[in-house]
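Trainee:
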Ligand SMILES: Cc1cc2nc3c(=O)[nH]c(=O)nc-3n(C[C@H](O)[C@H](O)[C@H](O)COP(=O)(O)OP(=O)(O)OC[C@H]3O[C@@H](n4cnc5c(N)ncnc54)[C@H](O)[C@@H]3O)c2cc1C
């Protein structure tokens, strides 16, 4: 078991100095998000995360959710914690005030969600999926559907799920086979089996609102023939109360590597005559709605990578200060010391810390761009921010989650043998982190999205603008004094050159040899992540330096920020050149073997 | 009835305090601050009395630097109705705080003042008792259960070796012990509302109180570190050490 | 310079803390007068008179001091302190002293110095702040110093005096508070998280039966709570709520006795803030000895009964 203290100081720094909280708060509709209110929200959310959710993380993992006769029992304490979560109004934070939400910006909600995820990832998936379902309904649902379902989902009294995956349809949702038969009353009867449905069945709320992808009888084959339906666990009466049990049942839950407290359900629709479903939006446009919604879900999962990494870091750091082993190399004849004095332990901790800060910065900057994309009064500004977030979301999702695997692994390593022992809790973070690079689209799928839809399709317009923006930082870095900034500047320049070369390669080859480009797509996604993170860390160092010179705030924090940025430049940014070479030259060897030669 | 709840801004419970290099004071620069945990219990008790229909208004007070506003906002986010900040940069000691509170108690005329039994920074455990004395009110300190009926408060309080239940006439001062209740977490709507609740600022001079400190801190230091353990030869030697050296039995 | 020391007693006997407070008073220097206020408290006053270093005992014997109500007691102490022109008023920093002494200070319009653990001079004292993480040396500028004394900071004073006992007229009964009931916990074992003494057993005990047979008598003698290591819980010796450690309870008692516990790091995390740690284990290499103040390498099956008998 370990404690979790929300890293509020870094969160505030990133929000204010890098993600432009003040500019977000100036957008129409977000006026409430003043700095002091945001500070108060972070403070109180941090208390809830640390005091209520974090203590259930370890026990939830040990106990796991259990299935019996179609019902799922969550681990001890989860039901109460969820009730408190709802009573305290947290689910409504970023939702539309029309349905009872507080209407706060995504930037604020992202930061708060990081706390839920870090304190108890398995728990946090329940509100995360509900949020996704709310967004899908809000986007495309009829007024009647919205009135029927949204208020109770926004308050958290009902939870939501996303039923996309089937045994034969995972990465490729075009293969969905579930059927939807139209009825005379305008509803549909849904038949089919869905797998891996997060929080598909549970005991923490009275109703579950499933969003289900299925095909109508007349639908064309492929991606253009999939529709989206609302299928509640309990039907909703005209008066808003709960009615009959719908024909949507949980057949079992999975036994998993991690997130044991989060029930991952096999859902069976229509085994007893058909589950009643309501069409969301228009027929055959289901995947289109999903993809809009998925943008936000993907950045949320990317953030999960940040969060679980931070939890692992906090635990490793506490252990490194506590565990006595060996002598300090720099002290002759000294006594035994805490392991944080050993250079390699420090290196591991710095690898964790510097990448977490870079990941957090990029995730928040993208969240802020989404706010501008939605709420800016200026159409050009909206478009620019939409394009930027579209480009960056697969990077945030893929890079932060792949990194989370490495960082939580380092967290285990810092503990030595104790890291491998479940009782310590470091292993749980490592296991929990593993799923983040898989669900909401694997890293491979993110990388394809990045090179194809986000770069090649628009001929690199947005990525080139981002490269230009990164390059523009060079002059500011050049104006700084000292070795730290010189190193940061050089590393960023090399990183940007690496990205630039790869973008040229993608644009030159995607149309004619897509497979060759795709072979290097994941290394390229990581390259984009590493360099974008370095870009944010360079901005962070500049901001910290300016604040230091101004003499406001905590000098120790700002100096640490600059030193951390320097570390990132020394230890992480050099990966860029290697990743670029892999993309530029490594495609052919990926494709070289015949299948029989494997 | 009205309840007055004084709250103190102190170093966060989870932060280990450090002494300044010159040993003159505890270094509070850039340290995370929070509401004194016993005061959270006091706010909670007041809120429960309000929710039970016994109290009609909960007024929170904090004395000290402008940053105490944050602590007051926290209390407002927990449900308190309004806040008063007595602003000063003078180092406040319990007697001075008790005098400030007396002045406010005279103005506000609460039936109950609920305070934490001590602040986790100076650990004095004096302010509530001093306020009661200055007002000529009864006190029930270290409370583990509070019930208010017929103009009287019945308070179970933690004393060495057990509990003692007092009945005090109102108005009275109650100070909270850990077991009294488990403070709630602020709700999001209340956090948002807290911003708009009234918070007035007054100065000690407005209240006619001299807050000059009576105690001078000459130095602060960390206590001697745990001595390296010693092995003892037998049970008799162990008992002797526990009795005469460690003095724990 | 004269010091007024408020005795803590149950009418029949003085409470032990009074003896430590007396030692603190002696370090300040000057005549020491002990005030015994109670109801039928003659025997306690006589006991105070026999203490070494006491110059005079003042007795206020009245029904309304029977319950030691802070309001009545403070009024009496203030009147006595003013009448006698005392330079210091001292009491133990017990739940009683903490109750009435700040009232005394406020009514005298002076600061109180709480919980002192050392006397530097007649006006300068050392007291723990920040939960004992820091010691502050403070100097009082007030004419009368009102002080509460942490009993563990001073030795107990001995007997050997024969001070005169003088009766005092009782002060007023303010009648604004009364004791309705008292529930003193006598036999029940204290709660693990709050206990002053914890006796914990590990796998070295071999069985649940041994755990109870050996540790319960020891815990009874010490008024201790019982705890256990994760290994003992996993082995089924005791239920899970006995567990001390990272995944169990975090404890910080005055005295922690680890019996047959090797000292896995998770266990240490749950108890290493204890004031005094005793480890009894037959393996001299057990890591628990690295954090123990007192280590005893012994077979616990003989050492524990011996220890229980010696207490
Ligand atoms: C714990 C858990 C919770 C989940 N929660 C939900 C949920 O709530 N709702 C829901 O609908 N689904 C959920 N899923 C499903 C999840 O989104 C899918 O598992 C994921 O998208 C991958 O699909 P798949 O398992 O079918 O793998 P596959 O698609 O079979 O992929 C296998 C491998 O092939 C690669 N691959 C596949 N296609 C391509 C391609 N075109 N190019 C390159 N590489 C490719 C993948 O990257 C992967 O490495 C969950 C899964 C898990 C394990």
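Chains as they are written, first to last, in the numbering used here: chain A, 1 to 598; chain B, 1001 to 1249; chain C, 2001 to 2311.
The beta carbon of each residue, even a glycine, is placed where N, CA and C say it ideally should be.
(1) Interface residues of chain C around residue 323 of chain A at Cβ under 8 angstroms?
(2) Alpha carbon to alpha carbon, what distance is there between residue 302 of chain A and residue 261 of chain A?
(3) Who are the Cβ neighbours of residue 2040 of chain C in its own chain at under 6 angstroms, not counting the five residues just before and after it?
(4) For residue 68 of chain A, count neighbouring Cβ atoms within 10 angstroms of its own Cβ and tell me buried if that reaches 16, exposed if not.
(5) So residue 1156 of chain B and residue 1130 of chain B are in contact, right, with Cβ under 8 angstroms, and what is the actual spacing, rounded?
(6) Given 8 angstroms as the limit, tell me if residue 448 of chain A has its C-beta closer than that to any heavy atom belonging to ligand 1.
(7) With a cut-off of 9 angstroms, does the C-beta of residue 1207 of chain B fall near any C-beta of chain C?
(8) Closer than 8 angstroms is the cut-off here; do at least three beta carbon pairs connect the stretch 2150-2161 of chain C with the stretch 2131-2142 of chain C?
(9) Under three-state DSSP, which class holds residue 279 of chain A?
(10) Give a single yes or no on whether residue 120 of chain A has its beta carbon closer than 8 angstroms to a heavy atom of ligand 1.
(11) What number of angstroms, rounded off, separates the C-alpha of residue 509 of chain A from the C-alpha of residue 269 of chain A?
(12) Looking at the structure shown, is residue 2124 of chain C part of a helix, part of a strand, or coil, going by DSSP?
(13) Identify, in the order they occur along the chain, each residue of the same chain with its Cβ nearer than 6 angstroms to the Cβ of residue 2018 of chain C, setting aside the five sequence neighbours on each side.
(14) Rounded to a whole number of angstroms, what is the C-alpha to C-alpha distance between residue 1197 of chain B and residue 1174 of chain B?
(15) Considering only their Cβ atoms, is the gap separating residue 118 of chain A from residue 1188 of chain B smaller than 9 angstroms?
(16) Give, in chain order, every residue of the stretch 100-120 of chain A whose Cβ lies closer than 7 angstroms to some Cβ of chain B.
(17) Are residue 2296 of chain C and residue 2280 of chain C close, meaning C-beta to C-beta below 9 angstroms?
(18) For residue 92 of chain A, go through chain B and note every residue whose CB falls closer than 9 angstroms to its CB, in chain order.
(19) Please name the residue in B:1093, B:1163 and B:1115 whose C-alpha comes closest to that of residue 2140 of chain C.
(20) Closest by CA to residue 2235 of chain C, which one among C:2253, C:2254, C:2201 and C:2218?
(21) Indicate the three-state DSSP secondary structure (helix, strand or coil) for residue 267 of chain A in the structure shown.
(22) List the whole-angstrom C-beta distance separating residue 121 of chain A from residue 308 of chain A, where the pair is believed to meet the contact cut-off of C-beta under 8 angstroms.
(23) For residue 1051 of chain B, decide whether its Cβ has a neighbour in chain A, counting only Cβ atoms nearer than 9 angstroms.
(24) Would residue 536 of chain A pass as a contact of residue 410 of chain A if the rule is Cβ separation under 9 angstroms?
(25) If you run the structure through DSSP and keep just helix, strand and coil, what is residue 2006 of chain C?
(26) Give the residues of chain F in contact with residue 1038 of chain B, contact being defined as C-beta atoms less than 9 angstroms apart.
(27) Does residue 1073 of chain B get closer than 9 angstroms to chain A when you measure Cβ to Cβ?
(28) When you compare the CB of residue 97 of chain A with every CB in chain B, is at least one pair closer than 9 angstroms?
(29) Can you give, in chain order, each stretch of the beta strand (DSSP E) that sits fully within the stretch 2024-2106 of chain C and has at least 3 residues?
(30) Let's test the definition: count the other Cβ atoms within 10 Å of the Cβ of residue 2284 of chain C and tell me whether it reaches 16, buried, or not, exposed.
(31) Rounded to whole angstroms, how far is the Cβ of residue 2023 of chain C from the Cβ of residue 2093 of chain C, which I believe are closer than 8 angstroms?
(32) Return the bridge partner residues of residue 2295 of chain C from the DSSP annotation.
(33) Out of curiosity, what's the CA-to-CA distance linking residue 601 of chain A and residue 1223 of chain B?
(34) What did DSSP end up calling residue 202 of chain A once you bin it into helix, strand or coil?
(35) In the DSSP output, what is residue 2134 of chain C paired with across the bridge?
(36) DSSP state of residue 1064 of chain B, grouped into three classes?
Mentor: So, to answer that:
(1) Among the residues of chain C, those whose CB is under 8 angstroms from the CB of residue 323 of chain A are 2265, following chain order.
(2) Taking the straight line joining both Cα atoms gives about 20 angstroms.
(3) For residue 2040 of chain C, where only same-chain residues beyond five positions count, the Cβ hits under 6 angstroms are 2011.
(4) Under a 10 Å Cβ-count criterion, residue 68 of chain A is classified as exposed, with fewer than 16 other Cβ atoms of the shown protein chains found around its own Cβ.
(5) So it is not a contact: roughly 23 angstroms between Cβ atoms.
(6) Taking non-hydrogen atoms of ligand 1 into account, the C-beta of residue 448 of chain A is found less than 8 angstroms away from one of them.
(7) So, not an interface residue.
(8) Cβ pair count under 8 angstroms is below three, so no.
(9) Assignment of residue 279 of chain A by DSSP, reduced to helix, strand and coil, places it in the strand class.
(10) Flag unset: Cβ of residue 120 of chain A not near ligand 1.
(11) Between the alpha carbons of residue 509 of chain A and residue 269 of chain A lies a distance of about 44 angstroms.
(12) Residue 2124 of chain C falls in the strand class under three-state DSSP.
(13) Closer than 6 angstroms at Cβ, skipping near neighbours: 2007 and 2008.
(14) Distance between the alpha carbons of residue 1197 of chain B and residue 1174 of chain B: 25 angstroms.
(15) Their beta carbons are not under 9 angstroms apart, which means residue 1188 of chain B does not touch residue 118 of chain A by this criterion.
(16) If the cut-off is 7 angstroms between Cβ atoms, the stretch 100-120 of chain A has 102 near chain B.
(17) It is a contact, given that the beta carbons lie within the stated cut-off.
(18) Per Cβ cutoff of 9 angstroms: 1188 and 1189.
(19) For residue 2140 of chain C, the nearest C-alpha among the options comes from B:1093.
(20) Of the listed residues, the one whose Cα sits closest to residue 2235 of chain C is C:2201.
(21) It is a strand residue.
(22) Rounded, the Cβ-Cβ distance is 6 angstroms, consistent with contact.
(23) No, residue 1051 of chain B lies away from the interface with chain A (no Cβ there is under 9 angstroms from its Cβ).
(24) Not in contact: residue 536 of chain A and residue 410 of chain A (Cβ atoms no closer than 9 angstroms).
(25) Strand.
(26) Looking for chain F here will not work: the only protein chains present are A, B and C.
(27) For residue 1073 of chain B, the answer is yes, since a Cβ of chain A falls inside 9 angstroms of its Cβ.
(28) With 9 angstroms as the cut-off, residue 97 of chain A does not count as an interface residue toward chain B.
(29) 2031-2038, 2056-2061 and 2088-2092, all fully within the stretch 2024-2106 of chain C.
(30) In summary, residue 2284 of chain C is exposed, with fewer than 16 beta-carbon neighbours lying within 10 Å of its beta-carbon over all protein chains present.
(31) Not a contact, Cβ separation roughly 14 angstroms.
(32) DSSP output for residue 2295 of chain C lists B:1231 and C:2279 as bridge partner(s).
(33) Nothing about residue 601 of chain A can be reported from this structure: the residues present for chain A run from 1 to 598 only.
(34) Residue 202 of chain A falls in the coil class under three-state DSSP.
(35) In the DSSP assignment, the residues bridged to residue 2134 of chain C are C:2129.
(36) Three-state result, residue 1064 of chain B: strand.
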